[in-house]
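A quick write-up on the structure given underneath.
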Amino acid sequence: MPPFILLILSVLLGAAAQVMLKLGVNLGGAGTSYGAFLSLLTSPFVLSGIFSFGLSFLLWLKVLALYDLAYAYPFVSLSYIIVALAARLLLGESIPPLRLAGLALIFLGIILVGRS
Numbered sequence: 001m002p003p004f005i006l007l008i009l010s011v012l013l014g015a016a017a018q019v020m021l022k023l024g025v026n027l028g029g030a031g032t033s034y035g036a037f038l039s040l041l042t043s044p045f046v047l048s049g050i051f052s053f054g055l056s057f058l059l060w061l062k063v064l065a066l067y068d069l070a071y072a073y074p075f076v077s078l079s080y081i082i083v084a085l086a087a088r089l090l091l092g093e094s095i096p097p098l099r100l101a102g103l104a105l106i107f108l109g110i111i112l113v114g115r116s
């Protein structure tokens with residue numbers, strides 16, 4: 001698999017993990033009791049999120065072996081954009097104009113780093 005695809009997959013899996021964890025918390029509640037905590041840990045969404053983090057981590061290790069850290073790490077910022085869009089589409093969260101402008105600046109920064 002091409003190294004850049006590994007980088008993008010790592011970022012996508014990390015972002016997907018965040019969305020799955022949020023879905024798990026939304027569906028399972030945010031109680032503070034020990035039972036509520038155990039219930040969250042057995043939620044399919046939370047378990048999927050943990051699994052996605054694990055895969056993302058393993059891919060990231062491979063990415064670090066292939067790229068300079070100063071080149072690869074800024075691409076992790078893509079997760080901010082992906083999570084914001086997924087939260088809008090899947091969770092109905094809003095993206096205010098100022099946040100949208102910030103996401104656009106992050107995207108511009110990633111493009112600049114990618115061209116270097």
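Reading the sequence shown from the start, the letters are residues 1 to 116 in the working numbering.
Glycine is no exception: its CB is placed at the ideal position from the N, C-alpha and C atoms.
Because the structure is a prediction, the values reported are computed rather than measured.
Where does G49 land, buried or exposed, given buried means 16+ other C-beta within 10 angstroms?
Answer is buried; the Cβ neighbour count reaches 16.
Below 8 Å on the Cβ atoms is my guess for P59 versus L9; work out the distance and round it to an integer in Å.
A quick correction: the sequence has Leu, not Pro, at residue 59. The pair is a contact, with the Cβ atoms about 6 Å apart (cut-off 8 Å).
If you check the beta carbons only, do A36 and V83 fall under 8 Å apart?
No, they are not a contact pair.
What is the DSSP secondary structure of Y34, reduced to helix, strand or coil?
Correct three-state label for Y34: helix.
Can you give the Cα-Cα distance for L108 and L13, rounded to whole angstroms?
For L108 and L13, the distance between alpha carbons rounds to 22 Å.
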